[in-house]
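Protein sequence lines, in the order shown, are assigned to chains A and B.
Residues in the first sequence are numbered from 1 upward in steps of one, following our numbering.
Residues in the second sequence are numbered from 1001 upward in steps of one, following our numbering.
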Amino acid sequence: MGFVGFVEGPLFYIAAAIFALAAAWRVFGLIRMGRKPDISPPKGSATAGFIKGNLRHFLPRGMFARRTWIHIVGGYAFHLGLFVLFFFGAFHIDFIKQYLGISWTPLPRWGFILASEIAFAGLIVLWVRRFSDPVMRLISDRDDHIGTWLTFLVMLTGCLALQQSHEVLRGIHMLFVDIWLIYFPFSRLMHAFTFVLSRGHTGATYGRKGMNP
Amino acid sequence: MSSDNKAQIAVDKFLQFTDGEVASFFEACVHCGECAEACHFYMATKDPKYTPTYKLFPMVKAYKREKAPLHSIRKMFGLLPPAVTEDELREWETLVYDSCTMCGRCTMVCPMGIDIAGTIRKMREGYAAADIVPDGLKRSVDFVEKTGSPMGVTSKALLAQVKHQEKETGIKIEVDKQGADYMAILSSMEIMGYPEIIGAYAKIFQKAGVSWTISSKAYEATNVGVQIGSGPLAKEIVTRVVDAAEELGVKYVISPECGHAYGAIRWAGPNMVGRPFKFEVVHIIELLDQLRRDGKIPAGAKDGRKMTLHDPCQIIRRGGLLKEPRRLLDESCADFVEMENAGLGNLCCGGGGGVSANPRAAELQNAAFGCKADQLNAIDGLEAVVVPCANCRTVFEEGLEEREIYNLEVLGLGELVAETLKDIEQAEG
Ligand code: SF4
Ligand code: SF4
């Protein structure tokens, strides 16, 4: 078995299994820790608050936007760009089809390139702020930097593989994807799942109080 | 307590208080630092150490080391953080007690919705258990243990103030009245600093025909247990009120114009005591708004001064009473203007969460009040500010004096409502 076969075959299966099991374990672990039932008489619904809290924090608030605009622009650019290129890139759809048998309409090539550029620009803004902004520098740790670099390398090698000119370029992309999948559940990249719980808990607390800031 | 012991005691408490909610906060924080932009301590100083999430670091470290899912796998790869030490806890002490008023503003900007305020409250449990707490708060605890009040207000002092207010208003105030509908509790600050609120209650409730009383056994609403982070003390203080209220057989306990006291008894109270109360807790602002809407305390001539409202964090943002004070003000004040970001986005006065009881934090508190003062200064021709929390009110008075601003009156909402009540003759005529 060649390099490409290995990273797309056994290594990918192992990485995907580690990703799925460890991520599920971590989320399940958080849910299992539980929370004491609140017996104060409620004024509103905790469940509605859980949902509202999740939706509300997707949107930045005007009053803070002037102070945090770089972050808002960088954050949205990166996350939306990544979402689009991951789910609507033609190669990704083919790849998903190969494993899950489902597919949908991909973005045209120019759309994919635009989404990638937006995602790159966002990621770079966030990363530069990580060491240039005194607040972010103070609170950032090794995990933040590794997560950023790995994501960057996955995206970069993905772009290099886009031409389909060399199989090995696709292999390098897949190698980074495999490493990223293995690293993901042990790192802060898990925020992609844990945000639901965190926003939801706060939303539920406020929801019981009949409000949701 | 030996040094290792202290660190271990604190860590054990941190872990005990890290439930699924707190753990999800620790797991979701992406270190984006946006929360700094919402915190008045960072805004006033621009010092990164006042970044809200940074204040939690020792507790996060303990969690990652000992409780986080998959921590044993991380351990195999040497990826666990080192153990929390007493030195580290001491280094963080000022961040945990002096620079967080538990105002909850950072949660609004946080993309993950992390409740830093609630987590600081839990983190203080570890600090209190290890006895790493500011002297100012320790003194308040001593007073509470001796007199039930953090300022040492005895029942004798309360009764003297009640007598004085009876004389001022000419209205009899019944203490320990069995079977009254409402039992009012007050903060020490109100009893000693703003006793006219007792007279205001007397006027308003007489007009509304509300039967009310004050207990000579449990009159204190301030919960220093919540501020210092001592669950057992917080429970003891709430229990005192619950016992007195249930003994008198009242239907409602009125939480006063004090921020954290409301959260302590209304939202945390039943959970501390471990059962629902046999009465309802109602905030004085809620009650006044209800009485007004029921037509029992119609408004008379409005106060003509240009006024604004300070939103005490624990009553408004964390308490949910957003519209009520505004409805009352609209009817009591002819020229009401809002501060920038009023309501849920209000800026804290800088002295909540036990900060004002901690003299060590005075300078920082005053710096943080600067953000509030800027908001006040931005309103041209402002003559008065309504501050429905006795603690915030003291912080305002001190902060304004510090800035030599003498032309701005600071007043409570209850007083304003009492002063602008429609006269009985007016109502009847
Ligand atoms: S709760 Fe308030 S004081 Fe505490 S860190 Fe957040 S914004 Fe600052
Ligand atoms: S804003 Fe929220 S996610 Fe960002 S650093 Fe602060 S607590 Fe963490």
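Every residue gets a Cβ at the ideal spot worked out from N, C-alpha and C, and that includes glycine.
Per DSSP, residue 1068(B) lies in no alpha helix (DSSP H) and is assigned neither H nor E. For residue 1275(B), the secondary structure class from DSSP, reduced to helix, strand or coil, is coil.
If you check the C-beta of residue 1053(B) against ligand 2, you find a heavy atom less than 7 Å away.
Following the DSSP letters along the chain, one finds residue 1400(B) inside the alpha helix (DSSP H) bounded by residues 1390 to 1402. A Cβ of chain B is located within less than 8 Å of the beta carbon of residue 68(A). If you look at residue 45(A), you'll find it isn't in any beta strand (DSSP E); DSSP assigns it neither H nor E. At a threshold of 7 Å, residue 1116(B) counts as near ligand 1, since its beta carbon sits closer than that to one of the ligand's heavy atoms. Boundaries of the beta strand (DSSP E) around residue 1308(B): 1303 to 1309. Look at residue 1333(B) here: in three-state DSSP terms it is strand.
Under the Cβ distance rule, residue 135(A) counts among the residues neighbouring chain B, one pair being separated by less than 8 Å. Among the residues facing chain B, residue 15(A) is not included, as its CB has no counterpart in that chain under 8 Å away. If the five residues before and after residue 42(A) are omitted, its C-beta is found closer than 7 Å to the C-beta atoms of 208, all from its own chain and listed in chain order. Bridge pairing for residue 1214(B): 1175(B) and 1184(B) [DSSP]. Residue 1293(B) holds the alpha-carbon nearest to the alpha-carbon of residue 1208(B) among 1159(B), 1293(B) and 1194(B). Residue 56(A) has its Cβ no nearer than 7 Å to any heavy atom of ligand 1.
In the DSSP assignment, residue 123(A) falls outside any beta strand (DSSP E) and lies within the alpha helix (DSSP H) extending over 109 to 132.
Think of a sphere of 7 Å around the beta carbon of residue 1320(B): the chain A residues whose beta carbon falls inside it are 43, 209, 210 and 211, in chain order.
For the region 185 to 196 of chain A, the residues whose beta carbon sits under 8 Å from a beta carbon of chain B are, in order, 185, 186, 188, 190, 191, 194 and 195. The CB of residue 1266(B) comes closer than 8 Å to the CB of 40 in chain A, given here in chain order. Judged by beta-carbon spacing, residue 1251(B) lies within the 8 Å limit of residue 1279(B), meaning their Cβ atoms are closer than that value. About 5 Å separates the CB atoms of residue 1044(B) and residue 1368(B); that is less than 8 Å, so the two are in contact. In this structure the region 1377 to 1385 of chain B lies against the region 1399 to 1408 of chain B, because at least three pairs of beta carbons, one per stretch, are closer than 8 Å. DSSP, reduced to helix, strand and coil, places residue 1226(B) within a helical segment of the structure shown. Residue 128(A) counts as exposed, since fewer than 16 other beta carbons sit within 10 angstroms of its beta carbon.
Contacts between residue 1269(B) and chain A, judged by CB atoms closer than 8 Å, involve 40 in chain order. Remark: the C-beta of residue 1032(B) is outside contact range of ligand 1, defined as less than 7 Å to any heavy atom.
With a cut-off of 7 Å, the C-beta of residue 1112(B) is classified as near ligand 2, since at least one heavy atom of the ligand falls inside that distance.
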